[in-house]
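Enquirer: Residue 63 is where the sequence shown starts when you use our numbering, and the numbers rise one by one after that.
If you scroll down you'll find the structure; I have some questions about it.
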Amino acid sequence: MEMNKLISNFLVIIFFTFCLSMNASGDDGSQTQKKLTPELSLKNLLIQVINNHEEIKSFKSQVEQAKELYLKSKGLYYPTLDLVADGGREKIDKEYYTDTNENRYNITLRANQLITDFGKTQDIIARSGVSLEQAKARLESSRQQLMFEGIKAYINVVRARERLKSARLSEARIKELTGIEETLVEKKAGLSSDVLQVKSQLAGAMALRVEAQGELNFAKNRFQAVFYHNLSDKEIAYIKNIKFPQKQLPLKLENAVAIALKKNPELLITMYNTQLAQKDIDIAKKAFYPRFNLFAEAVSKENDAGEDGYRNELSGGVELRYNLFSGGRDRAELKSALASKNAASYHTGYVQKIIKEQVSNTWEQLSVLKQRAELLKQQADIVENFLLLAKKERKMGTRSLLDVLNGEINYINSIATSIAATQDTKIAAYNLFFAMGNINLQLFE
Numbered sequence: 063m064e065m066n067k068l069i070s071n072f073l074v075i076i077f078f079t080f081c082l083s084m085n086a087s088g089d090d091g092s093q094t095q096k097k098l099t100p101e102l103s104l105k106n107l108l109i110q111v112i113n114n115h116e117e118i119k120s121f122k123s124q125v126e127q128a129k130e131l132y133l134k135s136k137g138l139y140y141p142t143l144d145l146v147a148d149g150g151r152e153k154i155d156k157e158y159y160t161d162t163n164e165n166r167y168n169i170t171l172r173a174n175q176l177i178t179d180f181g182k183t184q185d186i187i188a189r190s191g192v193s194l195e196q197a198k199a200r201l202e203s204s205r206q207q208l209m210f211e212g213i214k215a216y217i218n219v220v221r222a223r224e225r226l227k228s229a230r231l232s233e234a235r236i237k238e239l240t241g242i243e244e245t246l247v248e249k250k251a252g253l254s255s256d257v258l259q260v261k262s263q264l265a266g267a268m269a270l271r272v273e274a275q276g277e278l279n280f281a282k283n284r285f286q287a288v289f290y291h292n293l294s295d296k297e298i299a300y301i302k303n304i305k306f307p308q309k310q311l312p313l314k315l316e317n318a319v320a321i322a323l324k325k326n327p328e329l330l331i332t333m334y335n336t337q338l339a340q341k342d343i344d345i346a347k348k349a350f351y352p353r354f355n356l357f358a359e360a361v362s363k364e365n366d367a368g369e370d371g372y373r374n375e376l377s378g379g380v381e382l383r384y385n386l387f388s389g390g391r392d393r394a395e396l397k398s399a400l401a402s403k404n405a406a407s408y409h410t411g412y413v414q415k416i417i418k419e420q421v422s423n424t425w426e427q428l429s430v431l432k433q434r435a436e437l438l439k440q441q442a443d444i445v446e447n448f449l450l451l452a453k454k455e456r457k458m459g460t461r462s463l464l465d466v467l468n469g470e471i472n473y474i475n476s477i478a479t480s481i482a483a484t485q486d487t488k489i490a491a492y493n494l495f496f497a498m499g500n501i502n503l504q505l506f507e
């Protein structure tokens, strides 16, 4: 008896230990899910990709380069200090004087400060500033392009996942009804032709499920290409459906166009090209003006030019530099800058028209998709009501099993189509933000 009691107590201890370990394992799984939750939110994914993507890093480096060039151009305002020193052996043969053969050195220290070049330096600095702003616009364009691709990839995973769920549900339901109909035929209560029709629909449902699985695989591949993360099946199941950004959308098409003409990065890049061309014109014109410098110079020589001993020289004053002839290069450069300005202006006008068209078309597409999604939702509600009524009539014997089957398939498919249309509407909304140049992380707060 004592032995049995000891064994029973031992088994109880093992049981409670097992339960505690399962509980701990569940806690770990919960903690893992908590850790997984923020990482797979769309906002965090976008933050990671815009901070780590190679293309973004490339454009950030270009911005840094433009910033340093801007600082370099600002240095033209500051004085310069140059030191030139040379030394060595110097031998001079003289006709009427004593030849010399001595060690010599020559040290020159010269400071220059620009007084005026009639605005050329100012235009050079301004041009560097425009180049910096253009580099920032290129970075913003790349960032918004990458964010839009990420948003589409995320939504398409949700879209494909829901479509696959619907396809699997449809296939499972048809398989269930196929078994019911075969049973009825065996009991001579059903028609063999109904079985064949159900099996035909089953084959179609299986083909739809294969197609939906392929779409999900494509969506996973695109997600991995954008976010550098290969989604597992658990992660796909966890990904949440993002909200439609209704509050952030402009109220009117005119407002959307106005925002695009002000903020679209591609348009800003072309406008900066026009400004750069104008600065090139200003710089080229200043080549026809002189340059005035303030200078101070100190020279120390020893045994220089055959003269024994040292000599120190100090000088200062105003220096004039003026090019009298350059073979027509200055005039040709000015004409080239004028032609470049015209080309940039024409291209800017063209890009403005294209952006207006893109915003208008995107606005219209969003409007159409919103109406379509609403109608498909209404269709799904109607099909659901029909299915409920068909099931009641089936119980009363006024509806065949195939009628109910068709109703269920139509309902499942209408739900899937409605969900897909809703996701397409979201993509169209973010496409409008992209056309306006207004995609940012604040959309997901």
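Don't be surprised by glycine CBs; every beta carbon is placed ideally from N, CA and C.
(1) Span of the alpha helix (DSSP H) holding R461?
(2) Quick check: the Cα distance between Q441 and N502, rounded to an integer number of angstroms?
(3) Using 10 angstroms around the beta-carbon of N365, count the other beta-carbons present and answer buried if the total reaches 16, otherwise exposed.
(4) Would you report the Cα separation of S362 and T162, rounded to the nearest angstrom?
(5) Put G469 into one of helix, strand or coil per three-state DSSP.
(6) For the beta strand (DSSP E) containing A128, name the first residue and the last one.
(7) Per DSSP, F354 forms a beta bridge with which residues?
(8) Compute the Euclidean distance between the alpha carbons of P312 and L108, then round it to the nearest angstrom.
(9) When DSSP builds the beta bridges, which residues end up paired with E359?
(10) Just to confirm, is the Cβ distance from T183 to L145 under 8 Å?
(11) Measure the alpha-carbon distance for Q286 versus E116 and round it to whole angstroms.
(12) Keeping to the same chain, check which residues put their C-beta closer than 8 Å to that of L329; ignore five residues upstream and five downstream.
(13) Below 8 Å, can you find three or more Cβ-Cβ pairs linking the stretch 224 to 236 to the stretch 259 to 272?
(14) Where does M333 land, buried or exposed, given buried means 16+ other C-beta within 10 angstroms?
(15) For T487, count neighbouring Cβ atoms within 10 angstroms of its own Cβ and tell me buried if that reaches 16, exposed if not.
(16) Identify whether D342 lies in helix, strand or coil by the three-state DSSP scheme.
(17) From M458 to F448, what distance separates their C-alpha atoms?
(18) In chain order, what residues of the same chain have a beta carbon less than 6 Å from the beta carbon of T424, not counting five sequence neighbours either side?
(19) The alpha helix (DSSP H) spanning I298 covers which residue range?
(20) Where does Y290 sit, in a helix, a strand or coil, going by DSSP?
Expert: If we stick to the structure as given:
(1) The continuous stretches of alpha helix (DSSP H) do not include R461, and DSSP gives it neither H nor E.
(2) Between the alpha carbons of Q441 and N502 lies a distance of about 35 Å.
(3) Looking at its Cβ environment, which holds 16 or more other Cβ atoms inside 10 Å, N365 is buried.
(4) Taken atom to atom, the span from the alpha-carbon of S362 to that of T162 is near 20 Å.
(5) In the structure shown, G469 adopts helical secondary structure according to DSSP, grouped into three states.
(6) For A128, there is no enclosing beta strand (DSSP E); the residue is found in the alpha helix (DSSP H) stretching over E116 to K136.
(7) When beta bridges are read from the DSSP output, F354 appears opposite T178 and L382.
(8) Spanning the two alpha carbons is a distance of roughly 23 Å.
(9) In DSSP, E359 forms a bridge with R172 and S377.
(10) Cβ distance not < 8 Å, so T183 and L145 don't count as in contact.
(11) Taking the straight line from one Cα to the other gives about 15 Å.
(12) Shown here for L329: same chain residues with a beta carbon closer than 8 Å to its own, the five before and five after excluded, namely A322, L323, T410, V413, Q414, I417 and G499 in chain order.
(13) With the cut-off at 8 Å, the stretch 224 to 236 and the stretch 259 to 272 touch.
(14) Residue environment for M333: buried (at least 16 other C-beta atoms within 10 angstroms of its C-beta).
(15) Its Cβ being crowded by 16 or more others within 10 Å, T487 is buried.
(16) It is helical.
(17) M458 and F448 have their alpha carbons spaced roughly 15 Å apart.
(18) Closer than 6 Å at Cβ, skipping near neighbours: N493, L494 and A497.
(19) That run of the alpha helix (DSSP H) goes D295 to Y300.
(20) Assigned with DSSP and collapsed to three states, Y290 falls in coil, not helix or strand.
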